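Data block below; observations after.
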Amino acid sequence: MPFEEISKETLLSMYKTMVKIRTYEETLGQIYYEGKTPTFDIAAGPIPGELHLSSGQESSAVGVCIHLRADDAVVGTHRAHNFAIAKGVDLKKMTCEIFGKETGLSRGKGGHMHLFDPNVNFSCSGIVGASFPQAVGVGIAAKMQGKDYVAVAVGGDGAANQGTFHESLNLAAAWKLPVIFLIEDNSWAISVPKEKSTAVSQNSERAKGYGVPGVSVDGEDVIAVYEVAKEAVERARRGEGPSLVEVKVSRLRGHFEGDAQVYRPKEDFEIAMKKDPIPKFEKKLLEKNILTEDSVKKIKEDVEEEIQELIEFARNSSYPDPKEALQNVFVGGE
Amino acid sequence: MARKLPMYKAISEGISQEMERDNNVFVMGEDIGAYGGIFGATTGLLEKFGPERIKDTPISESAFFGGALGAATKGMRPVVELMFVDFFGVAMDQLYNHIAKAHYMSNGNVKMPVVIITAMGGGYSDAAQHSQCLYSLFAHVPGLKIVIPSNSYDAKGLMISAIRDDNPVMYFFHKSLMGLGWMTPFDDAIYDVPEEPYTVPIGKARVVKEGKDVTITTISKMVYEALHAADDLEKEGISAEVVDLRTLVPMDKETILDSVKKTGRLLVVDEDYKSYGMSGEIITIVSENIGSSLKALPRRISYPDIPVPYSRPLEKFALPDKDKIIKNIKEMMG
């Protein structure tokens, strides 16, 4: 699919969202260390607990979500801010949730690994491989309700070795469900490199075993992701069944913040930096005169300003009343 | 020679010495090799024993839990780690239907010398899927021994006992007791640890502090909350005895009953969920045996029956602590 067939508005929207994801993650990546220096303490600071940032994985989220509607579902991973932003999760509420404030999506009950925004059908969790069967369930509902919404299950290359991945692929294929299995292959399952844990070099090859189309695409090129995802989403929406899409991305930060990555060769990180999808896309848009030096600057400034406002709002919000801990275990009661 | 060791080093030393003693001992799990275990329990083992005996696994827990069972049937003594106890759902069948039951179902003809290591506990805002204790869930299943050390001396001795035991032993550790550089410092759990191998018997509780007015029966990190409470109560003339169970299954009923016979009062402090668990079990044991001689109704401070909330004030509200212990004991003393 030629680049020219994508509208200027769409290209700009994709670029802005990628910049927004990166800026958001790098900003959180700084705030996280407040209260944690000079001595690191995971429990301290405005953002306590684990934080898994998605810098370097913008193209998978943006290239897929650009094709989705609000009623399409995305079930994400523990590293899900990229998909949350691309799917249109209320970023102010999401930020407040990450700060544990009463203004958050879940008034501080969920936290960064457990974001729920039913308005745009987004959810994620901290259990590797949990997304696949849940997206299958959305697919079951779509079929039973006679609707044409689709579901995207996101998992890492590590998650592709979970039973849930294989069971779900088979079920979705057997029942011809509108599900896109999206593997974000950043080549690391925390410290274990993919080549040591996975017998095939590309997870898309596994699609053959389940009779579904499988494609691997280089996430360095967001347009390539766009094209592959477009086909998978359209196929699902037409009722022709699931697809498996593997996007090769780069993990530009540690597994979680505070991860010294002693297990990771320096060259691996250098290669990852070179595969950063944002400068490449920016360059292309500049060449095609869709962006100018001035508009790039303006977009980055606007994004920065928007994110600083969100952060300020989250910082200034109140914590929930501690007694709220007891609420919402069951519907209609405490 | 004994020296002060943090719990994570005491555990890895215990495993290491058993691996030197017995070639059948090997370790499998996620990030237990180059990373040394996310919580350090396998620190230095890959360098010492190599990848044949220190196996980093794919994220395929059913496969390596069932794999531990199969290896055990051929005389191996697998030690498997699953990073957080919250993650056990993904391997549960192999554990609770097979590893736990093989010995019984075979009428004793099959032995299952498997050690399962896992991290538990909250208090650092890691939310609902990374902060649970869940030991009572496993204690409910016949056939699994459960040990939970509260200090580095017990940690090494219980690890060696667990590896030498011909039964499946689940070995829990509380993340915040491990002595890791990235958690809130907690020096109380750092004990003198002998360099040479030694065992701490499974099924034997320890009276950590003697007292005469009330027995606080607890386990793991809550031992320290109980001790701090006992220190404060001492100043007010209330003498509390603190029993560290160390093993949950089999339960050391004798030590508990001896203590409560002496004090006439029982408070159970339990970081696991309140209902259908450890606290109820201990109160039942005491009530069934010496209930009529108690000077006050038994009490428990447990985690309320709610998932673990993310936001700091919500989690603090839910966690048992020193102040809650003092308040309850004062009420019990009338």
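Chains A and B are the protein sequences, given in the same order.
The opening position of the first sequence corresponds to residue 192 in the numbering used here, with each subsequent residue numbered one higher.
The opening position of the second sequence corresponds to residue 22 in the numbering used here, with each subsequent residue numbered one higher.
Every residue, glycine too, gets a C-beta built ideally from N, C-alpha and C.
These numbers come from a predicted model, not from an experiment.
Chain-ordered chain A contacts of residue i [CB-CB under 8 angstroms]
| i | result |
| --- | --- |
| E51 (chain B) | A380, I381 and V383 |
| R74 (chain B) | None at all; the shortest Cβ gap to chain A is about 16 angstroms. |
| H151 (chain B) | G240, E241, M304 and G317 |
| I240 (chain B) | Per Cβ cutoff of 8 angstroms: no residues; I240 (chain B) is ~21 angstroms from chain A at best. |
| I327 (chain B) | A516, L517 and V520 |
Start and end residues, alpha helix (DSSP H) containing residue i
| i | result |
| --- | --- |
| A89 (chain B) | E82 to T94 |
| S359 (chain A) | G354 to A365 |
| M133 (chain B) | Where M133 (chain B) is concerned, there is no enclosing alpha helix (DSSP H), given that its DSSP letter is neither H nor E. |
| V111 (chain B) | From DSSP, V111 (chain B) is part of no alpha helix (DSSP H); its letter is neither H nor E. |
| R213 (chain A) | K199 to I222 |
| F29 (chain B) | Checking the sequence shown, residue 29 (chain B) turns out to be Tyr, not Phe. Run containing Y29 (chain B): M28 to R42, per the alpha helix (DSSP H) assignment. |
Local conformation of residue i per DSSP, three classes
| i | result |
| --- | --- |
| P189 (chain B) | coil |
| Y297 (chain B) | coil |
| M49 (chain B) | strand |
| C315 (chain A) | strand |
| P121 (chain B) | Reading off the sequence shown, one finds Ala at residue 121 (chain B), where the question assumed Pro. It is coil, neither helix nor strand. |
| A23 (chain B) | strand |
| V265 (chain A) | strand |
| Y401 (chain A) | helix |
| E492 (chain A) | helix |
| M304 (chain A) | coil |
| D485 (chain A) | helix |
| K233 (chain B) | coil |
| A380 (chain A) | strand |
| S407 (chain A) | strand |
Residue from the options whose Cα sits closest to the Cα of residue i
| i | options | result |
| --- | --- | --- |
| Y125 (chain B) | B:M104, B:I75, B:N188 and B:M97 | B:N188 |
| G224 (chain B) | B:D326, B:S182 and B:K230 | B:S182 |
| D293 (chain B) | B:L158, B:H119 and B:V111 | B:L158 |
| L362 (chain A) | A:Q393, A:P433 and A:M285 | A:P433 |
| V343 (chain A) | A:G320, A:G349, A:L477 and A:D232 | A:G320 |
| L202 (chain A) | A:L244, A:E418 and A:V406 | A:E418 |
| E239 (chain B) | B:G164, B:E82 and B:L288 | The displayed chain sequence assigns Thr, not Glu, to residue 239 (chain B). Looking at the Cα atoms, B:L288 is the closest of the given residues. |
| R227 (chain B) | B:M104, B:T220 and B:R267 | B:R267 |
| D376 (chain A) | A:G347, A:H243, A:I233 and A:E216 | A:G347 |
| A271 (chain A) | A:E495, A:T294, A:P237 and A:F447 | A:F447 |
| L435 (chain A) | A:E458, A:S407, A:E461 and A:G445 | A:S407 |
| D43 (chain B) | B:Y192, B:G61, B:I120 and B:P99 | B:P99 |
| K491 (chain A) | A:V383, A:G328, A:K278 and A:T214 | A:T214 |
| K300 (chain A) | B:M113, B:I80, B:S152 and B:R185 | B:S152 |
| D234 (chain B) | B:A317, B:M133, B:A23 and B:M97 | B:A317 |
| A261 (chain B) | B:F108, B:M353 and B:V221 | B:M353 |
| I80 (chain B) | B:N45, B:L103, B:E336 and B:E39 | B:L103 |
| D291 (chain B) | B:V244, B:G65 and B:A123 | B:V244 |
| V253 (chain A) | A:N507, A:T218, A:K211 and A:V391 | A:K211 |
| M199 (chain B) | B:I259, B:D208 and B:G87 | B:D208 |
Where the beta strand (DSSP E) through residue i begins and ends
| i | result |
| --- | --- |
| S434 (chain A) | S434 to K439 |
| E102 (chain B) | R98 to F105 |
| S251 (chain A) | No beta strand (DSSP E) contains S251 (chain A), which is instead part of the alpha helix (DSSP H) from E249 to C256. |
| R298 (chain A) | First-last for R298 (chain A): undefined, no H or E at that position. |
| F372 (chain A) | V370 to D376 |
| V343 (chain A) | A342 to G347 |
| S322 (chain A) | Not the beta strand (DSSP E): S322 (chain A) falls in the alpha helix (DSSP H), residues S322 to Q336. |
| K76 (chain B) | I75 to D77 |
Contacts of residue i in chain A (Cβ-Cβ under 7 angstroms)
| i | result |
| --- | --- |
| Y145 (chain B) | I233, A234, P239 and G240 |
| I32 (chain B) | Here the premise fails: no neighbours, minimum Cβ distance about 19 angstroms. |
| A55 (chain B) | S382 and Y454 |
| P319 (chain B) | Neighbours of P319 (chain B) on chain A: none; closest Cβ ~23 angstroms, over 7 angstroms. |
| P330 (chain B) | G299, K300 and A516 |
Proximal residues of chain B, C-beta to C-beta of residue i below 9 angstroms
| i | result |
| --- | --- |
| A364 (chain A) | Going along chain B, no residue has its Cβ under 9 angstroms from A364 (chain A), so there is no contact; the nearest lies around 21 angstroms. |
| H353 (chain A) | Reading off the sequence, residue 353 (chain A) comes out as Gln, not His. The answer, in chain order, is P79, I80, S81, E82, S83 and V111. |
Residue i CB to nearest heavy atom of the ligand SAM below 6 angstroms
| i | result |
| --- | --- |
| E375 (chain A) | Ligands are entirely absent from the displayed structure, and the ligand SAM is therefore not among its contents. |
Neighbour list for residue i in chain A, Cβ cutoff strictly below 9 angstroms
| i | result |
| --- | --- |
| T94 (chain B) | Neighbours of T94 (chain B) on chain A: none; closest Cβ ~22 angstroms, over 9 angstroms. |
| A62 (chain B) | Those do not exist, as A62 (chain B) stays about 14 angstroms from chain A at its closest Cβ, beyond 9 angstroms. |
| G202 (chain B) | T230 and F231 |
Partners in chain B for residue i, counting only beta-carbon separations shorter than 8 angstroms
| i | result |
| --- | --- |
| L283 (chain A) | Sequence check: residue 283 (chain A) is Lys here, not Leu. Chain B residues near K283 (chain A): none, gap ~17 angstroms exceeds 8 angstroms. |
| T389 (chain A) | P79 |
Neighbouring residues, chain B, relative to residue i (Cβ below 7 angstroms)
| i | result |
| --- | --- |
| E515 (chain A) | L335 |
| G524 (chain A) | Chain B residues near G524 (chain A): none, gap ~12 angstroms exceeds 7 angstroms. |
| G190 (chain A) | Nothing in the structure corresponds to residue 190 (chain A), since chain A is present only between 192 and 525. |
| A332 (chain A) | Those do not exist, as A332 (chain A) stays about 23 angstroms from chain B at its closest Cβ, beyond 7 angstroms. |
Going along the chain, which unbroken runs of the alpha helix (DSSP H) with 4 or more residues stay wholly within the segment 250-289 of chain B? Correct list: 274-284.
Threshold first: 3 residues or longer. Then list the beta strand (DSSP E) segments lying entirely within the segment 159-222 of chain B, N to C. Correct list: 166-168, 190-195 and 212-215.
3-residue-minimum beta strand (DSSP E) runs that sit fully inside the segment 410-481 of chain A, ordered along the chain: Runs of beta strand (DSSP E) with 3 or more residues, each lying fully within the segment 410-481 of chain A, are found at 434-439, listed in chain order.
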